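Chains as they are written, first to last, in our numbering: chain D, 1 to 309; chain G, 1 to 309.
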């Protein structure tokens with residue numbers, strides 16, 4: 001990796017992928033701390049300039065498997081026994097793999113963990129002078145009234161108060177960011193799933209996106225629970241009534257931050273349980289690993305199709 | 001690990017460590033999904049019944065180093081070259097190590113990631129019939145007006161609106177959880193730091209705890225920034241004026257959930273930067289690794305002292 005390759009006496013350019021931060025062009029060096037990558041130690045345009053798809057998911061192991069799958073499908077499989085190179089190997093907070101124009105990135109659990117990696121991936125794309133990048137979350141979720149194993153492409157997401165925005169304090173004031181989905185991208189993914197892929201069911205629907213797995217999702221099996229079974233059931237039915245088909249912990253922030261930054265994104269999650277039936281994830285690890293591969297299969301096929309392969 | 005050891009025909013007992021969830025006693029089996037541990041596959045009282053301290057921090061690698069350090073200090077060092085056993089090895093979402101009565105657990109980044117592991121650790125302690133457990137976060141933070149490398153023991157934490165509670169939607173309604181610190185525990189840690197430990201400075205102070213590293217902490221170097229340098233500086237000075245000495249992303253939720261569950265907790269974080277001076281973390285990795293070991297050193301010494309060793 002070359003040193004200071006993009007630092008040849010000029011400041012960062014914003015002519016390719018503008019980001020909504022006027023301060024960025026003033027910076028001589030940018031340290032992307034949580035992925036152990038910096039503009040003065042890595043030649044970002046050479047390393048990442050060709051990226052067109054960023055696929056993000058919770059676990060490093062799943063994203064490593066995904067990178068290996070993409071390598072195979074794009075016709076450049078890894079040698080037997082070799083695992084994909086982790087570009088964020090200087091830390092264990094996140095993992096980043098790259099296969100051709102596809103980045104595979106882990107984001108951990110929840111809004112805050114996703115927020116940190118999104119800021120740094122947006123800046124990585126910006127410093128790398130990438131163009132026309134799409135970001136896809138490939139994840140897991142709880143379903144509502146659909147068979148576990150079904151893949152959901154989110155067409156709208158709502159927060160825990162059932163509003164379609166993400167709200168956060170900035171300098172002591174609440175800032176509201178609308179979670180505006182890229183409807184064309186969602187429809188394109190659904191058309192691909194229906195016509196050219198896959199052996200498993202795929203639906204589009206509304207996603208509840210919250211910052212907690214237990215109370216925030218109306219589970220009765222957390223360490224803390226102040227509501228009754230009846231109150232829980234009434235809430236889940238209310239969700240179902242407004243079109244919510246799955247519940248997870250990241251799509252709202254992803255959609256809101258990508259919209260703000262002008263980057264196209266989508267969320268593709270498999271459901272591991274029907275929350276109208278139960279709270280706990282009782283299926284075998286093997287079944288769940290197979291289900292977890294479904295969003296990866298769909299998205300890999302979609303990328304291959306879009307690349308004309 | 002024995003199977004179904006605590007499932008001999010009886011439901012879970014709540015006579016040792018009650019948790020604020022009346023539904024728990026109705027459950028025949030409890031799958032702690034995100035740590036790949038369950039009551040019907042693990043003999044929890046045998047494995048974890050002696051736990052008295054749970055130390056939590058962001059990164060698995062740091063908590064592994066911490067477990068090795070505790071092993072040495074408690075007089076039972078790991079054999080040369082051996083790494084601590086990860087009890088959550090069935091997943092890569094979190095890592096759990098155990099050394100005598102000390103658990104070392106990774107929590108990832110932010111409230112949501114911490115929330116998932118806290119619910120599951122609380123239930124692990126409950127199912128293991130633990131008594132009188134203390135939870136300590138050993139982490140990193142940005143400082144305000146104090147020298148980088150200083151260790152801060154949080155005596156009060158506030159959210160991004162500068163209120164000392166954590167607020168979250170539950171069944172579509174906002175629930176407010178007061179972040180009430182355990183003042184005696186904080187003072188005990190500070191007394192230990194002053195009298196019996198350490199070569200680095202340790203202070204107590206107020207902590208701002210938010211769900212974002214960039215905008216939420218008033219940084220100018222994120223992918224998105226809608227405010228000016230002057231507005232940022234005014235906010236940081238306002239924080240400093242009300243006694244905030246550091247900024248991080250977990251203590252508020254930790255304090256709020258532990259208070260709700262009746263469990264004693266504290267937050268001990270080193271500062272990696274003085275945010276009144278800069279946003280980026282520009283010190284060398286080696287310096288930061290040394291600084292990151294400081295909370296671990298302080299807490300290991302404290303635990304050793306409390307165990308009478």
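We put the beta carbon where it would ideally sit given N, CA and C, even for glycine.
Every value quoted in this text rests on a predicted model; they were computed, and no experiment measured them.
Closest by C-alpha distance to residue i, when choosing among the options
i                      : options                       : result
residue 111 of chain G : G:168, G:126, G:227 and G:90  : G:168
residue 141 of chain D : D:208, D:201 and D:299        : D:208
residue 139 of chain D : D:96, D:44, D:268 and D:68    : D:268
residue 163 of chain G : G:180, G:148, G:48 and G:151  : G:180
residue 236 of chain G : G:132, G:118, G:265 and G:279 : G:279
residue 193 of chain D : D:97, D:206, D:153 and D:212  : D:153
residue 349 of chain D : D:39, D:259, D:171 and D:285  : Any question about residue 349 of chain D goes unanswered here, given that chain D covers just 1 to 309.
residue 260 of chain D : D:55, D:58 and D:118          : D:118
residue 250 of chain D : D:197, D:305, D:241 and D:58  : D:58
residue 218 of chain D : D:201, D:276 and D:148        : D:276
residue 61 of chain G  : G:46, G:20 and G:106          : G:106
residue 203 of chain G : G:74, G:262 and G:298         : G:298
residue 38 of chain D  : G:283, G:114 and G:150        : G:283
residue 88 of chain G  : G:22, G:64 and G:304          : G:64
residue 195 of chain G : G:305, G:30, G:97 and G:45    : G:305
residue 212 of chain G : D:77, D:51, D:114 and D:45    : D:114
residue 157 of chain D : D:182, D:66, D:172 and D:150  : D:182
residue 391 of chain G : G:73, G:131, G:151 and G:20   : With chain G running from 1 to 309 in the structure shown, residue 391 of chain G is simply not present.
residue 96 of chain G  : G:77, G:68, G:22 and G:234    : G:68
residue 234 of chain D : G:66, G:201, G:72 and G:170   : G:170
residue 131 of chain D : D:20, D:199, D:51 and D:76    : D:51
residue 190 of chain G : G:21, G:295 and G:77          : G:295
residue 149 of chain D : D:78, D:199 and D:104         : D:199
residue 172 of chain D : G:155, G:201, G:45 and G:238  : G:238
Residues of its chain near residue i, where Cβ-Cβ distance is below 7 Å and the 5 sequence neighbours each way are ignored
i                      : result
residue 12 of chain D  : Its pLDDT being 45, under 50, residue 12 of chain D is placed unreliably in this model, and the coordinates cannot settle the point.
residue 91 of chain G  : 34, 35 and 36
residue 216 of chain G : 160 and 210
residue 166 of chain D : 159, 177, 179, 252, 253 and 256
residue 116 of chain G : 34
residue 109 of chain D : 58 and 249
residue 32 of chain G  : 38, 120, 123 and 124
residue 74 of chain G  : 99, 100, 304 and 309
residue 20 of chain G  : 260 and 261
Sheet register partners of residue i (DSSP bridge)
i                      : result
residue 27 of chain D  : According to DSSP, residue 27 of chain D bridges with nothing at all.
residue 177 of chain G : G:166
residue 246 of chain D : D:143 and D:207
residue 198 of chain G : Residue 198 of chain G is not bridged to any residue.
residue 32 of chain D  : D:37
residue 156 of chain G : G:206
residue 53 of chain G  : G:102 and G:134
residue 151 of chain G : G:202 and G:270
Beta-carbon proximity list for residue i, same chain, < 6 Å, skipping 5 on both sides
i                      : result
residue 9 of chain G   : Because the pLDDT of residue 9 of chain G is 34, which lies under 50, any placement of that residue in the model is unreliable, and the number read from its coordinates should be weighed accordingly. Cβ neighbours of residue 9 of chain G beyond the five flanking positions: none.
residue 70 of chain D  : 99, 102 and 300
residue 49 of chain G  : 128 and 129
residue 134 of chain D : 53 and 264
residue 257 of chain G : 118
residue 240 of chain D : 144 and 145
residue 197 of chain D : 298 and 301
residue 93 of chain D  : 34
residue 18 of chain G  : none
residue 56 of chain G  : 105, 107 and 137
residue 76 of chain G  : none
Cutoff 8 Å; reference residue i; Cβ partners in own chain excluding five residues on either side
i                      : result
residue 281 of chain D : 272, 273 and 288
residue 214 of chain D : 221, 222, 223, 224 and 225
residue 29 of chain D  : 7, 38, 39 and 40
residue 1 of chain G   : Note that residue 1 of chain G scores a pLDDT of 31, beneath 50, so its modelled location is shaky; the value from the coordinates is reported in the next line. Once the five neighbours on either side are set aside, the close Cβ partners of residue 1 of chain G are 41, 42, 43 and 47.
Item to check | Segment contact, 8 Å Cβ cut-off, at least three pairs: the segment 119-134 of chain G with the segment 210-230 of chain G | outcome: Cβ pair count under 8 Å is below three, so no.
Checklist entry - Looking at C-beta atoms only, is the number of pairs between the segment 235-247 of chain D and the segment 281-301 of chain D that lie closer than 8 Å three or more? => result Touching, no.
Checklist entry - Does the segment 220-227 of chain D come close enough to the segment 184-200 of chain D that 3 or more CB-CB pairs lie under 8 Å? => result Taking 8 Å as the limit for Cβ pairs, the verdict is that the segment 220-227 of chain D does not touch the segment 184-200 of chain D.
Item to check | Every unbroken beta strand (DSSP E) inside the segment 223-293 of chain G [3 residues or more] | outcome: Taking 3 residues as the shortest admissible run, the segment 223-293 of chain G contains the following complete beta strand (DSSP E) segments, listed from N- to C-terminal end: 244-248 and 264-274.
Checklist entry - Between the segment 170-182 of chain D and the segment 78-91 of chain G, do three or more beta carbon pairs fall short of 8 Å? => result Taking 8 Å as the limit for Cβ pairs, the verdict is that the segment 78-91 of chain G does not touch the segment 170-182 of chain D.
Next on the checklist: What ranges does the alpha helix (DSSP H) occupy inside the segment 64-111 of chain D, keeping only unbroken runs of at least 4 residues that lie completely in it?
Outcome noted: Counting only runs of 4 or more, we get nothing.
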